[in-house]
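As structure tokens, the structure follows; a few thoughts come after it.
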Amino acid sequence: MAATVIDGKAVAASVRERVRGEVEELTDELGRPPGLATVLVGDDPASAIYVRRKHEAAEEAGIRNFDHKPAGSISQEELLDLVNDLNDNDEVDGILVQLPLPEQIDADAIVNSIDGAKDVDGLTPVSAGLLARGEPGLVPATPQGIMELISSVGVDPEGKEAVIVGRSNLVGRPLFSLLLGANATVTVCHSRTRDLGEVCRRAEILVAAAGQPKLVTGDMIRPGATVIDVGTNRTDDGLVGDVDFDAAKEVAGAITPVPGGVGPMTIAMLLVNTVTAARLRHKAAATSGR
Ligand code: NAP
């Protein structure tokens with residue numbers, strides 16, 4: 015039987031609807047809307063599109079945008095000053111520095127300078143450390159979206175064999191912590207994994223995040239598995255994932271398409287993170303009597 019195709023757009027729409035309600039409540043509570051600052055350095059067209067989509071989604075949810083577009087020639091110090099100003103701005107709850115940054119900039123140093131309480135991309139060592147320890151904090155949007163997609167088809171990771179292909183800080187590593195936190199038995203594969211097919215065939219939940227078109231073939235899928243395809247590879251045949259979708263959907267229980275699967279979730283979860291950051295900061299300020 016062919017797999018259920020998971021509709022990422024529909025799941026993302028329901029998350030965005032939920033966020034809209036939460037933003038309304040929070041705006042009453044804070045006396046101002048939650049604020050999201052974006053920093054887009056230079057004029058990379060793909061980055062400009064991503065940031066524009068984030069602005070539109072934030073605005074639609076009732077979140078206030080703080081839009082910063084420094085020139086591509088900005089120095090490390092000037093960019094650090096900008097991030098520090100945003101760290102100090104009480105109306106900004108979340109800060110997102112769009113990557114990649116120009117080569118004169120040390121991107122790690124910039125990301126690490128973001129106040130952990132405003133790190134809506136979840137990429138600072140503080141956020142990564144909290145997640146690895148299983149403590150509350152801000153979680154990168156893509157892996158968080160993947161967890162929503164898995165639960166959208168009624169799959170509970172508890173006790174299941176989960177396999178992730180890819181170990182990046184953006185996807186594979188944080189997803190490992192999330193699936194482990196949900197009590198799955200998790201294996202992480204990478205470019206040195208000896209027999210990828212053999213490991214993937216164990217997976218009741220299989221997540222492919224390698225950036226290699228159709229790396230995961232139909233014979234690597236365990237019958238009935240939930241397959242999440244994170245890959246976005248531009249090829250002569252258009253945008254394709256890391257999974258051979260046509261073959262995999264004949265074996266899997268549920269599968270995400272590319273496009274229309276994980277992609278739409280990423281922006282929705284950024285909005286969730288902005289609301290979470292605003293709540294946590296408000297709570298911290300109330301506790302400290304500010
Ligand atoms: P990345 O930083 O390039 O990491 C890729 C990972 O895959 C690495 O850990 C690498 O192993 C592993 N890998 C590469 N080739 C492999 C192979 N043949 N067998 C097994 N493992 C292999 O990529 P990323 O940032 O995590 O992104 C992965 C993909 O997801 C990309 O296509 C990206 O565009 C997409 N993505 C999509 C979204 C979305 O919102 N839809 C968000 C984020 C990323 P090593 O560590 O050994 O090198």
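For the sequence shown, the residue numbers in the working numbering are 15 to 304. By construction, the Cβ of each residue, glycine as well, lies at the ideal position given by its N, Cα and C atoms.
Own chain, CB closer than 7 Å to residue i, minus 5 neighbours either side, in chain order
i, result
"Pro116", "Val55, Gly56, Gly86"
"Glu162", "Val25, Val29, Met279"
"Asp258", "Lys228, Val230, Thr231, Gly232"
"Ile20", "Leu163, Ser166, Val167, Ala268, Ile269, Thr270, Gly275"
Distance between beta carbons of residue j and residue i, contact taken as under 8 Å
i, j, result
"Met279", "Val25", "7 Å"
"Arg216", "Glu172", "17 Å between Cβ atoms; not a contact."
"Leu184", "Pro154", "6 Å"
"Asp243", "Gly225", "Incorrect: roughly 11 Å between the Cβ atoms, too far for contact."
"Ser127", "Leu94", "6 Å"
"Ala268", "Ala17", "5 Å"
"Leu44", "Ala292", "7 Å"
"Ile178", "Ala198", "No, Ile178 and Ala198 are not in contact; Cβ-Cβ is about 10 Å, not under 8 Å."
"Ala262", "Val241", "6 Å"
Residues near residue i in its chain [Cβ-Cβ closer than 6 Å; skip 5 each side]
i, result
"Pro84", "Val55"
"Gln158", "Met283"
"Asp129", "Asn101"
"Gly148", "Gly195"
"Ala146", "Ser191"
"Gly136", "Leu152, Val153, Pro154"
"Asp58", "none"
"Asp133", "Ser141, Leu152"
Residue i (DSSP reduced to helix, strand or coil)
i, result
"Ile160", "helix"
"Ile235", "coil"
"Val221", "strand"
"Arg208", "coil"
"Asp99", "helix"
"Ala24", "helix"
"Thr18", "strand"
"Val230", "strand"
"Arg34", "helix"
"Val125", "helix"
"Pro59", "helix"
"Ala198", "coil"
"Lys83", "coil"
"Gly130", "helix"
"Glu149", "coil"
"Leu94", "helix"
"Ser6", "Nothing about residue 6 can be reported from this structure: the residues present for the chain run from 15 to 304 only."
"Val213", "helix"
"Asp42", "helix"
"Val167", "coil"
"Lys263", "coil"
"Lys174", "coil"
"Glu117", "coil"
"Glu70", "helix"
Identity of the residues DSSP links to residue i by a beta bridge
i, result
"Asp203", "It should be pointed out that residue 203 corresponds to Cys in this sequence rather than to Asp. Val179."
"Thr249", "Gly252"
"Arg78", "Gly49"
"Ala268", "Thr18, Thr240"
"Val257", "Val230"
Extent of the continuous alpha helix (DSSP H) to which residue i belongs
i, result
"Val140", "139-146"
"Ile109", "No alpha helix (DSSP H) contains Ile109, which is instead part of the beta strand (DSSP E) from 108-111."
"Ile242", "Segment 240-243 is the beta strand (DSSP E) holding Ile242; no alpha helix (DSSP H) there."
"Ser191", "186-195"
"Gly277", "276-301"
Beta-carbon proximity list for residue i, same chain, < 8 Å, skipping 5 on both sides
i, result
"Leu253", "Thr246, Asn247, Val272, Pro273"
"Glu36", "Val289"
"Gln112", "Thr52, Val53, Leu54, Val55, Ser61, Tyr64, Val65"
"Thr138", "Val125, Asn126, Ile128, Gly130"
"Glu105", "Arg46, Gly49, Arg78, Phe80"
C-beta neighbour in chain C for residue i, strict 9 Å
i, result
"Val19", "Absent from the structure: chain C. Only one protein chain is present."
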